[in-house]
Ligand SMILES: Cc1cc2nc3c(=O)[nH]c(=O)nc-3n(C[C@H](O)[C@H](O)[C@H](O)COP(=O)(O)O)c2cc1C
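Residue numbers (the working numbering): 4 to 352.
The structure is reproduced here in structure tokens:
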């Protein structure tokens with residue numbers, strides 16, 4: 004008998020008595036001391052995954068951990084043992100920064116949601132690089148990059164270029180995060196001239212780094228689920244024209260639909276989890292229709308069951324990522340998602 008779900012539900016009861024950020028930190032610090040062999044017992048060994056070829060990389064399974072949970076890559080080797088096919092660490096910025104004042108993360112337990120305004124708190128690029136050099140996780144490693152708060156938005160491309168160059172030798176893919184709602188002005192980088200300029204800088208950097216390292220590392224761009232339809236269309240056209248390798252759709256939402264009754268609904272920040280599911284799926288579907296398979300999509304937002312994962316794939320995603328569902332559902336959600344995807348693969352071929 005696998006007693007992991009029981010242990011998880013007991014631990015969750017205790018952890019949910021603590022403020023969310025404290026319980027997050029405590030869980031991860033504890034996880035780091037658990038032997039890999041024990042962590043691997045959380046993953047259902049009876050599951051047979053179909054590996055996915057996406058962005059030229061073979062993903063052992065389609066279920067990944069979204070960025071933000073392991074911002075500094077301190078825990079990816081342990082988290083990776085739980086059954087994820089890929090783990091995205093970051094967002095990382097060139098220099099360390101403290102992020103916003105606490106409290107900055109709020110649990111909306113009834114709605115199975117979270118509001119956060121962490122503000123890219125992280126230990127900086129050098130720290131992350133020291134961590135990713137030591138790799139036990141056998142799956143795919145994504146590194147998500149951002150900009151420092153102190154860098155003016157007009158010079159954001161320099162921060163992204165610095166992170167791209169640093170992360171390049173160690174990442175299987177790199178995600179350019181221009182969709183966090185918690186860094187002022189960041190989401191404007193998704194639009195018009197600013198988008199064009201930033202992505203052109205990134206693609207030039209990628210070309211030079213490919214020569215330098217003799218290896219092509221794909222670059223994905225992470226977008227918000229709050230973009231207007233015409234902005235999504237323009238984004239797709241630019242991404243196509245510049246041959247962006249992938250799109251992560253998407254980040255947290257600024258909307259408060261579905262959480263009006265929570266005492267936390269008025270907190271500033273991005274909303275994630277169950278209330279985001281349909282909004283995220285609509286964005287995936289819109290992107291997929293516009294892109295017609297030309298650029299792969301990593302579907303993220305509100306996955307809290309195996310069915311959600313399959314529905315994101317059916318809407319047009321090639322892979323999925325989870326964050327908030329994992330906080331509420333634990334490692335069992337990874338198994339559920341992998342199982343549902345395997346069954347759907349069998350049915351639909
Ligand atoms: C506390 C918290 C911190 C996050 N930090 C980041 C981040 O640093 N970079 C990023 O790209 N996304 C970040 N995200 C967004 C998640 O990666 C994900 O896109 C979003 O939460 C939607 O997925 P979910 O509903 O499964 O949580 C964060 C989310 C949460 C809840």
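Just so you know, even glycine gets a beta-carbon here, dropped at the ideal spot from N, CA and C.
It should be emphasised that the depicted structure is a prediction, and the values quoted were computed from it without experimental measurement.
Rounded C-alpha distance that separates residue i from residue j
{"i": "residue 212", "j": "residue 305", "result": "35 angstroms"}
{"i": "residue 206", "j": "residue 113", "result": "43 angstroms"}
{"i": "residue 146", "j": "residue 54", "result": "20 angstroms"}
{"i": "residue 142", "j": "residue 176", "result": "12 angstroms"}
{"i": "residue 110", "j": "residue 180", "result": "23 angstroms"}
{"i": "residue 121", "j": "residue 29", "result": "17 angstroms"}
{"i": "residue 315", "j": "residue 284", "result": "6 angstroms"}
{"i": "residue 330", "j": "residue 224", "result": "24 angstroms"}
{"i": "residue 217", "j": "residue 12", "result": "47 angstroms"}
{"i": "residue 300", "j": "residue 34", "result": "30 angstroms"}
{"i": "residue 269", "j": "residue 20", "result": "22 angstroms"}
{"i": "residue 1", "j": "residue 178", "result": "Summary: the structure shown does not reach residue 1, with the chain confined to residues 4 through 352, and so no result is reported for it."}
{"i": "residue 199", "j": "residue 51", "result": "41 angstroms"}
{"i": "residue 196", "j": "residue 157", "result": "11 angstroms"}
{"i": "residue 296", "j": "residue 22", "result": "42 angstroms"}
{"i": "residue 279", "j": "residue 325", "result": "12 angstroms"}
Test item: CB-CB of residue i and residue j under 7 angstroms
{"i": "residue 166", "j": "residue 251", "result": "no"}
{"i": "residue 64", "j": "residue 83", "result": "no"}
{"i": "residue 242", "j": "residue 288", "result": "no"}
{"i": "residue 66", "j": "residue 340", "result": "yes"}
{"i": "residue 99", "j": "residue 126", "result": "yes"}
{"i": "residue 313", "j": "residue 343", "result": "yes"}
{"i": "residue 183", "j": "residue 192", "result": "no"}
{"i": "residue 85", "j": "residue 45", "result": "yes"}
{"i": "residue 37", "j": "residue 68", "result": "no"}
{"i": "residue 221", "j": "residue 240", "result": "no"}
{"i": "residue 1", "j": "residue 119", "result": "In the structure as shown, the chain starts at 4 and stops at 352, and residue 1 therefore has no counterpart that could be examined."}
{"i": "residue 139", "j": "residue 185", "result": "no"}
{"i": "residue 204", "j": "residue 160", "result": "yes"}
{"i": "residue 57", "j": "residue 321", "result": "yes"}
{"i": "residue 94", "j": "residue 62", "result": "no"}
{"i": "residue 229", "j": "residue 255", "result": "no"}
{"i": "residue 202", "j": "residue 169", "result": "no"}
CB-CB length for residue i against residue j, believed under 8 angstroms
{"i": "residue 92", "j": "residue 131", "result": "7 angstroms"}
{"i": "residue 162", "j": "residue 96", "result": "6 angstroms"}
{"i": "residue 47", "j": "residue 134", "result": "Actually they do not touch by this definition, with Cβ atoms about 28 angstroms apart."}
{"i": "residue 117", "j": "residue 327", "result": "5 angstroms"}
{"i": "residue 208", "j": "residue 174", "result": "With 8 angstroms as the limit, residue 208 and residue 174 do not qualify as a contact, their Cβ atoms being about 13 angstroms apart."}
Collapsed DSSP secondary structure at residue i in the structure displayed
{"i": "residue 135", "result": "helix"}
{"i": "residue 344", "result": "helix"}
{"i": "residue 62", "result": "strand"}
{"i": "residue 86", "result": "coil"}
{"i": "residue 79", "result": "helix"}
{"i": "residue 272", "result": "coil"}
{"i": "residue 113", "result": "helix"}
{"i": "residue 103", "result": "coil"}
{"i": "residue 72", "result": "coil"}
{"i": "residue 43", "result": "helix"}
{"i": "residue 14", "result": "helix"}
{"i": "residue 243", "result": "helix"}
{"i": "residue 1", "result": "As displayed, the chain neither begins before 4 nor continues past 352, which places residue 1 out of reach and without an answer."}
{"i": "residue 144", "result": "strand"}
{"i": "residue 265", "result": "coil"}
{"i": "residue 232", "result": "helix"}
{"i": "residue 225", "result": "strand"}
{"i": "residue 256", "result": "strand"}
{"i": "residue 94", "result": "strand"}
{"i": "residue 118", "result": "strand"}
Inset, instruction - Within the segment 278-319, note down every full beta strand (DSSP E) run reaching 3 residues or more, in order along the chain. - result: Qualifying beta strand (DSSP E) stretches, in chain order: 300-303.
Legend entry - Contiguous beta strand (DSSP E) assignments of at least 3 residues, all confined to the segment 158-222: List check, beta strand (DSSP E) in window: 176-180.
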